[in-house]
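Chains as they are written, first to last, in my numbering: chain U, 75 to 240; chain C, -8 to 112.
Here the structure is laid out as structure tokens; the discussion comes afterwards.
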């Protein structure tokens, strides 16, 4: 049982060290090494702690295996490149932001339906908000526009079906 | 694993020639990873950390120097067998020629011995 723990610990270290690899290759590498350990133990005919330690020692450190994978020439696609996240501009408020708010509030009263749509166009051209915030605004407008329409549709179909009854 | 191993000049050399030794093994006959490891370790100190064979085999697959076939094994899960491709054979032959020249040059330098510097003027 001690031997099983050694193997699991080793494979856990390998999986942790393999974070720069893509998920498919990480799974494959861990499976390959697991199979190697199984083959080596089967070959030696014993599964005691000393045999297991020797097998793992011959494999080398998990970090060394991953280093060979990452550092090998021709593995450009696998190098641990840090993804650069684009942070929204947040350049403060300009004309687009003011226009967006105006059309979404006052515009909605004076230009029903069209006003909020123009407001949304300004929202998407604005720099001050993140893409997520823009989607939230779009969703709110969509719901507020669609709900009354659905309500009206419900009234008309309801009344028309009522009329069709004998 | 051995401390100070990174300073051993043979470590870098071994790393460089290992893939061609693997190609030579799978040129002789189709083998699975554990077989290849055995051949390399039996031949001498070609592979110090057996686990590093898997990144190497993965790269040879990606570079299409070897192809693989899954086969049922008598015991345990199916095994992935490696075989050299035409491209792999070309790479291996190219390396073998370069290696012979390189080995002759190094041998010649080492055989020259400590002659030159001692007969000062």
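Note that the Cβ used here is the ideal one computed from N, Cα and C, for glycine as well.
So residue i packs on residue j, CB below 8 Å; how close in whole Å?
| i | j | result |
| --- | --- | --- |
| residue 121 of chain C | residue 48 of chain C | Since the first residue of chain C shown is -8 and the last is 112, residue 121 of chain C is not available in this structure. |
| residue 56 of chain C | residue 82 of chain C | 6 Å |
| residue 27 of chain C | residue 8 of chain C | So it is not a contact: roughly 15 Å between Cβ atoms. |
| residue 77 of chain U | residue 123 of chain U | 5 Å |
| residue 200 of chain U | residue 174 of chain U | 6 Å |
| residue 168 of chain U | residue 43 of chain C | 56 Å between Cβ atoms; not a contact. |
Taking C-alpha atoms, which residue in the options lies nearest to residue i?
| i | options | result |
| --- | --- | --- |
| residue 91 of chain U | U/139, U/177, U/208 and U/213 | U/139 |
| residue 68 of chain C | U/133, U/105, U/131 and U/126 | U/105 |
| residue 128 of chain U | C/41, C/46 and C/98 | C/41 |
| residue 136 of chain U | C/36, C/54, C/46 and C/58 | C/46 |
| residue 39 of chain C | U/112, U/131, U/219 and U/189 | U/131 |
| residue 3 of chain C | C/37, C/21, C/22 and C/105 | C/37 |
| residue 216 of chain U | U/192, U/230 and U/228 | U/192 |
| residue 62 of chain C | C/52, C/78, C/73 and C/80 | C/73 |
| residue 144 of chain U | U/107, U/103, U/83 and U/181 | U/103 |
| residue 79 of chain C | C/6, C/18, C/103 and C/29 | C/18 |
| residue 211 of chain U | U/185, U/184 and U/171 | U/171 |
| residue 66 of chain C | U/109, U/188, U/89 and U/177 | U/109 |
| residue 76 of chain C | C/60, C/104 and C/33 | C/60 |
Give the DSSP bridge partners of residue i, in chain order.
| i | result |
| --- | --- |
| residue 74 of chain C | C/58 |
| residue 23 of chain C | C/72 |
Only counting runs of 4 or more residues, tell me where the alpha helix (DSSP H) segments fall wholly within the region 28 to 71 of chain C, in order along the chain. 44 to 53
Return the residues of the region 12 to 25 of chain C that lie within a Cβ-Cβ distance of less than 7 Å from chain U, sorted by chain order. 24 and 25
Interfacial residues, the region 40 to 51 of chain C to chain U, with Cβ spacing under 9 Å: Cβ contacts with chain U: 40, 41, 42, 43, 44, 45, 46, 47, 48, 49 and 50.
Taking a cut of 9 Å between CB atoms, which residues from the region 65 to 98 of chain C lie near chain U? 66, 67, 68, 70 and 71
Taking Cβ-Cβ distances below 8 Å as the criterion, which residues of the region 95 to 113 of chain U are in contact with chain C? 99, 102, 103, 106, 107, 109, 110, 112 and 113
Complete runs of the alpha helix (DSSP H) confined to the region 76 to 161 of chain U [at least 4 residues]: Runs of the alpha helix (DSSP H) lying entirely within the region 76 to 161 of chain U and spanning at least 4 residues, in chain order: 76 to 91, 97 to 118, 123 to 133 and 136 to 145.
Contact residues within the region 132 to 148 of chain U, judged by C-beta distance below 9 Å to chain C: 132, 133, 134, 135, 136, 138, 139, 140, 141, 142, 143, 144, 145, 146, 147 and 148
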